[in-house]
Structures are given as C-alpha cells and as structure tokens.
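Asker:
Residue numbers (our numbering), protein chains in the order written: chain X, 1 to 88; chain R, 89 to 197.
#1: Considering only residues of the same chain and omitting the five flanking positions on each side of residue 118 of chain R, which have a CB-CB separation below 8 Å?
#2: Does the beta-carbon distance from residue 107 of chain R to residue 131 of chain R come in below 9 Å?
#3: Where do the ends of the alpha helix (DSSP H) carrying residue 3 of chain X lie?
#4: Express the C-alpha separation of residue 102 of chain R and residue 12 of chain X in angstroms, rounding to a whole number.
#5: What is the DSSP secondary structure of residue 175 of chain R, reduced to helix, strand or coil?
#6: Assuming contact is defined by CB atoms lying nearer than 9 Å, are residue 129 of chain R and residue 73 of chain X in contact in what I supplied?
#7: Enumerate, from N- to C-terminal direction, the unbroken beta strand (DSSP E) stretches of 3 or more residues contained entirely within the segment 48 to 84 of chain X.
#8: Give the interface partners of residue 24 of chain X over in chain R, defined as CB-CB distance under 7 Å, in chain order.
#9: Output yes if chain X places a C-beta closer than 9 Å to the C-beta of residue 89 of chain R; else output no.
#10: Within 9 Å (strictly less), CB to CB, does residue 44 of chain X reach chain R?
#11: With residue 133 of chain R as the anchor, note down where its alpha helix (DSSP H) starts and where it stops.
#12: Any beta-carbon of chain R closer than 9 Å to the one on residue 13 of chain X?
#13: Only counting the same chain, and skipping five residues up and downstream in sequence, which positions put a Cβ closer than 8 Å to that of residue 104 of chain R?
#14: Given this structure, state the Cα-to-Cα distance separating residue 67 of chain X from residue 8 of chain X, to the nearest angstrom.
#15: The alpha helix (DSSP H) spanning residue 182 of chain R covers which residue range?
#16: For residue 180 of chain R, go through chain X and note every residue whose CB falls closer than 9 Å to its CB, in chain order.
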C-alpha cells in the first residue's frame with residue numbers, strides 16, 4: 001500500500017466532495033434536495049469503494065461496490081416513488 | 089502507465105468534487121440534480137479507468153461497475169426529477185401563480 005502524491009491530492013478532493021454532499025444532505029430545504037444529495041453520495045461512495053479495493057489490493061471490494069451500486073439505485077427509485085405519491 | 093493512471097484518478101476526483109460543489113451552490117432542485125449527477129458520473133468513470141490502468145486484471149469487475157453506474161444513474165435522476173415536478177416544486181424563477189407546469193398533474197390534486 002503506497003500512495004503517491006497525485007493520489008493523495010485526489011483522495012483529499014474526493015473527501016471534500018463527500019463533505020460537501022453531506023452538508024447538502026443535512027441542510028437541504030426540501031425532501032427532493034436530500035434525495036439528490038443521497039444519490040450523489042451513493043455514486044461517490046461507489047467510486048470510493050473501488051478506490052479502496054486499489055488501496056487494500058484485494059478485489060473483493062469490487063463486488064461490494066457492485067452490490068452497493070445496485071442497492072443504492074433501488075433505494076433512490078423507491079424514495080422518488082415515495083415522494084411522488086405524497087401529493088399535497 | 090502509473091502516472092497516466094494517477095492523472096485519471098485526479099481528474100475523476102476533481103470532477104466529483106466539482107459536482108458536490110455544484111450541489112451546494114446551485115439554487116434549485118433541478119439544477120442540483122444536473123450538477124450532482126452528470127459530473128459525478130463522469131468522475132466515477134474516470135476513477136474506474138484509473139483503477140483499471142493500475143490493475144489490468146480487474147477489468148471485468150470494473151466494466152460491470154461502470155456499466156451499472158452508466159445505466160442506473162440517469163434513470164435514477166430522471167425519476168427524482170419527475171417526482172419533484174409531480175410533487176409540486178416549481179423551478180427557479182418560475183412564479184408560483186403562473187400557468188400550470190407541463191406535467192402538472194400534481195398541482196391541486
């Protein structure tokens with residue numbers, strides 16, 4: 001496990017992206033804002049899991065990333081359907 | 089090859105960070121959806137290409153993850169946008185007492 005300088009900068013950028021998405025997830029004014037933030041965070045976490053497989057040099061995290069991506073898609077569509085039915 | 093892979097990783101992380109920044113800066117749900125979905129998808133693709141250049145023996149798993157992200161992400165974002173429009177959220181700078189929205193079945197029902 002050796003991290004070069006470019007990878008270190010890129011990891012810091014990815015962490016900043018995760019923090020910004022979490023801020024929008026916490027103080028989103030409406031429910032669709034939070035769902036958009038959750039969708040973005042799920043894609044960022046999928047990319048982060050692939051990167052974790054590279055850092056730990058074991059390919060089992062790729063399977064975890066695949067299953068996480070599929071389940072996050074199902075969750076996003078389910079949440080969108082749920083707020084769609086909530087007509088006010 | 090390692091330098092090219094690291095540059096791809098840096099590009100993908102920069103696009104992901106800019107997408108999350110757009111998620112903070114944009115004024116509306118629909119604008120946030122654009123900023124937070126498209127550029128983050130591009131960033132994830134670049135990160136997958138970078139990891140694939142680092143580990144060429146993982147190409148099948150990485151291809152599966154890339155195809156999954158490319159197919160499911162636009163479907164999810166379109167579903168969120170449709171749900172937001174139906175649940176009655178007006179776009180930015182659209183007055184609330186104007187004509188009904190094009191898919192505006194959600195207004196007043």
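C-beta: ideal position from N, C-alpha, C; glycine also.
Answerer: The short version:
#1: Here residue 118 of chain R corresponds to residue number 30 of the second chain, with the count starting at 1. 169, 172, 179, 180, listed in sequence order.
#2: Counting from 1 along the second chain, the entry for residue 107 of chain R is found at position 19. Counting from 1 along the second chain, the entry for residue 131 of chain R is found at position 43. For residue 107 of chain R and residue 131 of chain R, yes; Cβs fall inside 9 Å.
#3: As a working mapping, residue 3 of chain X is identified with position 3 in the first chain. For residue 3 of chain X, there is no enclosing alpha helix (DSSP H), as DSSP marks it with neither H nor E.
#4: Position 12 of the first chain, counted from the first residue, corresponds to residue 12 of chain X. Position 14 of the second chain, counted from the first residue, corresponds to residue 102 of chain R. Looking at the two C-alpha atoms, the distance is approximately 10 Å.
#5: To locate residue 175 of chain R, count along the second chain from 1; it is residue 87. DSSP, reduced to helix, strand and coil, places residue 175 of chain R outside both helices and strands of the structure shown, so it counts as coil.
#6: Here residue 129 of chain R refers to the residue found at position 41 when the second chain is read from its first residue. Here residue 73 of chain X refers to the residue found at position 73 when the first chain is read from its first residue. At a Cβ-Cβ threshold of 9 Å, residue 129 of chain R and residue 73 of chain X do not count as neighbours.
#7: Taken in chain order, no unbroken stretch of beta strand (DSSP E) lies wholly in the segment 48 to 84 of chain X with a span of 3 residues or more.
#8: On the first chain, position 24 is the one that residue 24 of chain X refers to. For residue 24 of chain X, the chain R residues whose Cβ falls inside 7 Å of its Cβ are 111, 112, in order along the chain.
#9: Mapped onto the second chain, residue 89 of chain R falls at position 1. Not closer than 9 Å to any Cβ of chain X, the Cβ of residue 89 of chain R fails to qualify, so no.
#10: Locating residue 44 of chain X in the first chain gives position 44, where the first residue counts as 1. Between residue 44 of chain X and chain R, the shortest Cβ-Cβ separation is below 9 Å.
#11: Taking the second chain and counting its residues from 1, one reaches residue 133 of chain R at position 45. 117 to 142 is the span of the alpha helix (DSSP H), which, as asked, contains residue 133 of chain R.
#12: In the first chain, the residue the question calls residue 13 of chain X occupies position 13. Contact with chain R is found for residue 13 of chain X, since one of that chain's Cβ atoms lies less than 9 Å from the residue's Cβ.
#13: Residue numbering aside, residue 104 of chain R sits at position 16 when the second chain is read from its first letter. Within the same chain, residue 104 of chain R has close Cβ partners 127, 128, 131, 132, 135.
#14: Position 67 of the first chain holds residue 67 of chain X. Position 8 of the first chain holds residue 8 of chain X. Here the alpha carbon of residue 67 of chain X sits roughly 27 Å from the alpha carbon of residue 8 of chain X.
#15: What you label residue 182 of chain R is simply residue 94 of the second chain in a count that begins at 1. Counting along the chain, no alpha helix (DSSP H) covers residue 182 of chain R, and no H or E run does either.
#16: Here residue 180 of chain R refers to the residue found at position 92 of the second chain. Close partners of residue 180 of chain R in chain X (Cβ separation under 9 Å) are lacking, with about 13 Å as the shortest Cβ gap.
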